[in-house]
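Visitor:
Residue numbers (the numbering used here): 17 to 114.
1) Whole angstroms are fine: how far does the CA of residue 62 sit from the CA of residue 56?
2) Take residue 67 as the anchor and find which of 107, 90, 111 and 109 has the nearest alpha-carbon.
3) For residue 114, tell me which candidate among 82, 51 and 83 has the shortest Cα-Cα distance.
4) Quick one: is residue 73 buried, meaning 16 or more other Cβ sit within 10 Å of its Cβ, or exposed?
5) Spatial neighbours of residue 75 within its chain, please: CB distance less than 6 Å, with the 5 preceding and 5 following residues excluded, ordered by chain position.
6) Going residue by residue through the segment 35-83, where are the continuous alpha helix (DSSP H) segments of at least 4 residues, counting only ones entirely within it?
7) Can you list, in chain order, the residues of its chain whose CB lies under 8 Å from that of residue 139, leaving out five sequence neighbours each side?
8) Pick out whichever of 36, 101, 106 and 87 has its Cα sitting closest to the Cα of residue 59.
9) Given this structure, state the Cα-to-Cα distance separating residue 28 from residue 69, to the nearest angstrom.
10) Tell me which residues share the same chain as residue 36 and place their Cβ nearer than 8 Å to its Cβ, disregarding the 5 neighbours each side in the sequence.
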């Protein structure tokens with residue numbers, strides 16, 4: 017059973033990202049949206065944690081949020097809203113980290 021984890025809060029304000037990374041299964045995906053895309057800032061501790069998690073092709077970020085915050089990253093695959101919907105359908109469940 018696979019889960020798409022969705023985080024929208026800044027990784028600098030709480031521990032949602034680190035908690036999520038501890039719970040990720042081998043088939044789970046992680047989508048960063050809203051202020052969570054700040055985790056992809058070069059040299060940041062959240063980016064180091066994401067790289068250490070070795071998510072590869074299972075790490076996504078909403079392109080619109082990356083652009084709005086002026087962030088560019090090769091660590092996550094930038095996706096649009098239709099791709100977000102498809103990701104939701106491709107996984108058995110979706111867990112939003114509110």
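Think of the CB as a built atom: it goes at the ideal place given N, C-alpha and C, for glycine as much as any other residue.
Keep in mind the model is a prediction, meaning the values are calculated, not measured.
Guide: According to the data block:
1) The count along the chain shown starts at 1 and reaches residue 56 at position 40. The count along the chain shown starts at 1 and reaches residue 62 at position 46. In a straight line, the C-alpha of residue 56 is about 7 Å away from that of residue 62.
2) If you number the chain shown from 1, residue 67 lands on position 51. The shortest Cα separation from residue 67 among 107, 90, 111 and 109 belongs to 90.
3) Taking the first residue of the chain shown as 1, we reach residue 114 at position 98. Looking at 82, 51 and 83, the one whose alpha-carbon comes closest to that of residue 114 is 51.
4) The count along the chain shown starts at 1 and reaches residue 73 at position 57. Answer is exposed; the Cβ neighbour count stays below 16.
5) For the purposes of this step, residue 75 is identified with residue 59 of the chain shown, where counting begins at 1. 46 and 92.
6) 61-69
7) Because the chain spans 17 through 114 in this model, residue 139 falls outside it and cannot be assessed.
8) By 1-based counting over the chain shown, the position of residue 59 is 43. Looking at the Cα atoms, 87 is the closest of the given residues.
9) Within the chain shown, numbered from 1, the residue matching residue 28 stands at position 12. Within the chain shown, numbered from 1, the residue matching residue 69 stands at position 53. Rounded to the nearest angstrom, the two C-alpha atoms are 18 Å apart.
10) For the purposes of this step, residue 36 is identified with residue 20 of the chain shown, where counting begins at 1. Here the set comprises 21, 23, 46 and 113.
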